[in-house]
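Note that the working numbering numbers the sequence shown so that position 136 is 139, with each residue one more than the last.
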Amino acid sequence: MIDFINVTKEYSDTSALNNVSFHIENGEFVFIVGHSGAGKTTLTKLLLREEKATEGKIIVDGIDVTALRASKIPRYRRKLGMVFQDFRLFGDKTAYENIACIMRAVGTPGSEIRRRVPALLRTVSMEQKGNHFPKELSGGEQQRIALARAIANNPDIIIADEPTGNIDPEMSLDIMNMLMKINHLLGKTVIVVTHDLDLVEYFGHRVITLDEGKLGSDVNLPSEAEGEGGLFHE
Ligand code: ADP
Numbered sequence: 004m005i006d007f008i009n010v011t012k013e014y015s016d017t018s019a020l021n022n023v024s025f026h027i028e029n030g031e032f033v034f035i036v037g038h039s040g041a042g043k044t045t046l047t048k049l050l051l052r053e054e055k056a057t058e059g060k061i062i063v064d065g066i067d068v069t070a071l072r073a074s075k076i077p078r079y080r081r082k083l084g085m086v087f088q089d090f091r092l093f094g095d096k097t098a099y100e101n102i103a104c105i106m107r108a109v110g111t112p113g114s115e116i117r118r119r120v121p122a123l124l125r126t127v128s129m130e131q132k133g134n135h136f137p138k139e140l141s142g143g144e145q146q147r148i149a150l151a152r153a154i155a156n157n158p159d160i161i162i163a164d165e166p167t168g169n170i171d172p173e174m175s176l177d178i179m180n181m182l183m184k185i186n187h188l189l190g191k192t193v194i195v196v197t198h199d200l201d202l203v204e205y206f207g208h209r210v211i212t213l214d215e216g217k218l219g220s221d222v223n224l225p226s227e228a229e230g231e232g233g234l235f236h237e
């Protein structure tokens with residue numbers, strides 16, 4: 004489903020990624036970790052085709068992302084649902100409208116939007132707060148809305164870039180549980196980019212480590228959470 008094949012990204016004076024290869028299966032949950040400067044953001048930008056690899060190939064769902072023509076990029080990006088550290092909600096729109104507007108942007112009929120947005124709000128346990136504006140919501144609540152928005156147009160892959168970076172530890176567990184749920188129940192491939200190793204150790208799963216632009220390790224960690232029956236708790 005996602006293949007990085009000997010991918011190198013060079014900026015003028017830095018090699019941000021150096022000959023990185025990995026394969027991610029459809030429906031996998033993968034953490035990508037590494038210190039600051041390890042190349043995590045670069046990897047995300049290459050996946051989104053915000054940047055182009057200097058060498059190597061990136062194949063997503065049979066599409067050669069490295070060779071994608073500019074006119075095809077917007078359609079390709081619909082495969083990916085993004086979640087950011089800073090939520091990136093529209094401050095002048097309610098939670099409901101934040102989700103509805105991106106569905107409208109891809110031509111979803113009004114009747115489907117009216118049916119689907121409440122269901123999405125329920126998925127992230129925010130059905131009571133649809134008419135709240137972002138500034139009336141906590142960080143964790145805003146991130147829940149951002150999660151609902153990320154899955155609204157039914158992408159195959161969710162990429163969460165430091166999704167817990169701006170929220171407190173308790174809410175971080177909550178957001179991670181929701182990402183697990185999206186993976187488990189909706190079958191989405193989920194990639195979480197983070198430097199929060201405590202969270203990674205707690206949740207386990209596959210962990211790809213970048214180290215100064217190189218693939219450091221690619222391992223399967225057991226989950227501490229599963230042992231405690233902690234997954235999917237509300
Ligand atoms: P991370 O997200 O893991 O902190 P980045 O992917 O942002 O790492 O950066 C990897 C390396 O590439 C760093 O040394 C960084 O300074 C460099 N880098 C990232 N973006 C650019 C850019 N646009 N121009 C030049 N160097 C960059």
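Every residue, glycine too, gets a C-beta built ideally from N, C-alpha and C.
Small disclaimer: the values here were computed from a predicted structure and weren't measured.
Taking DSSP as the reference, what is the three-state secondary structure of S141? Coil at S141, not helix or strand.
Find the nearest neighbour of A153 within the set G216, H26, D177, M181, judged by alpha-carbon distance. Just measuring C-alpha positions, the residue of G216, H26, D177, M181 sitting nearest A153 is M181.
Please classify P112 as buried or exposed, where buried requires at least 16 other C-beta atoms within 10 Å of its C-beta. Counting Cβ neighbours within 10 Å, P112 comes out exposed, since fewer than 16 surround it.
Beta carbon of E58, beta carbon of T11: below 8 Å? Using a Cβ distance threshold of 8 Å, E58 and T11 count as a contacting pair.
Beta-carbon gap between I162 and I194 smaller than 8 Å: The Cβ atoms of I162 and I194 sit closer than 8 Å to each other.
Is A19 near the ligand ADP, judged by its Cβ being under 7 Å from some heavy atom? True, at least one ligand heavy atom lies under 7 Å from that Cβ.
Please report the distance separating the alpha-carbon of I55 from that of S18. The sequence shown places Lys at residue 55, not Ile. Roughly 13 Å between the two C-alpha positions.
Residues bridged to H208 (per DSSP): DSSP, once it has assigned bridges, lists L224 as partnering H208.
So, for N186: in the same chain, excluding its five sequence neighbours on each side, which residues have a beta-carbon less than 6 Å away from its beta-carbon? Excluding the 5 residues flanking it on each side, N186 has same chain C-beta neighbours closer than 6 Å at F32, V193, in chain order.
For R91 versus A155, is the C-beta spacing smaller than 8 Å? When the beta-carbon positions are compared, R91 and A155 stay at least 8 Å from each other.
On a Cα-Cα basis, can you pick out the residue from I62, V86, Q88, D89 that is closest to Y79? Of the candidates I62, V86, Q88, D89, I62 places its Cα closest to the Cα of Y79.
Could you give the residue range of the beta strand (DSSP E) that holds G113? Taken as a continuous stretch (DSSP letters only), G113 belongs to no beta strand (DSSP E), being part of the alpha helix (DSSP H) at 113 to 126.
Applying the criterion that 16 or more other CB atoms from any shown protein chain within 10 Å of the CB defines a buried residue, is L188 buried or exposed? Burial state of L188 is exposed, judged by a 10 Å Cβ sphere holding fewer than 16 other Cβ atoms.
Could you give the residue range of the alpha helix (DSSP H) that holds M85? M85: not part of any alpha helix (DSSP H); member of the beta strand (DSSP E) spanning 83 to 87, first to last residue.
Which residue comes first and which comes last in the alpha helix (DSSP H) that contains K48? If you look at K48, you'll find it in the alpha helix (DSSP H) that goes 43 to 51.
Alpha carbon to alpha carbon, how far is E227 from D201? CA-to-CA, the gap between E227 and D201 works out to about 11 Å.
Of the residues Q88, F93, R52, the one placed nearest S74, counting alpha carbons only: The shortest Cα separation from S74 among Q88, F93, R52 belongs to R52.
Expressed to the nearest angstrom, what Euclidean distance is found between the alpha-carbon atoms of E165 and S114? Going by the C-alpha atoms only, they are around 34 Å apart.
I want to see whether chain B comes within less than 8 Å of E100, judged by CB atoms only; does it? Of the protein chains in the structure, only one exists, and it is not chain B.
Determine the direct distance from the alpha carbon of P137 to that of T97, and round the result to whole angstroms. Distance between the alpha carbons of T97 and P137: 7 Å.
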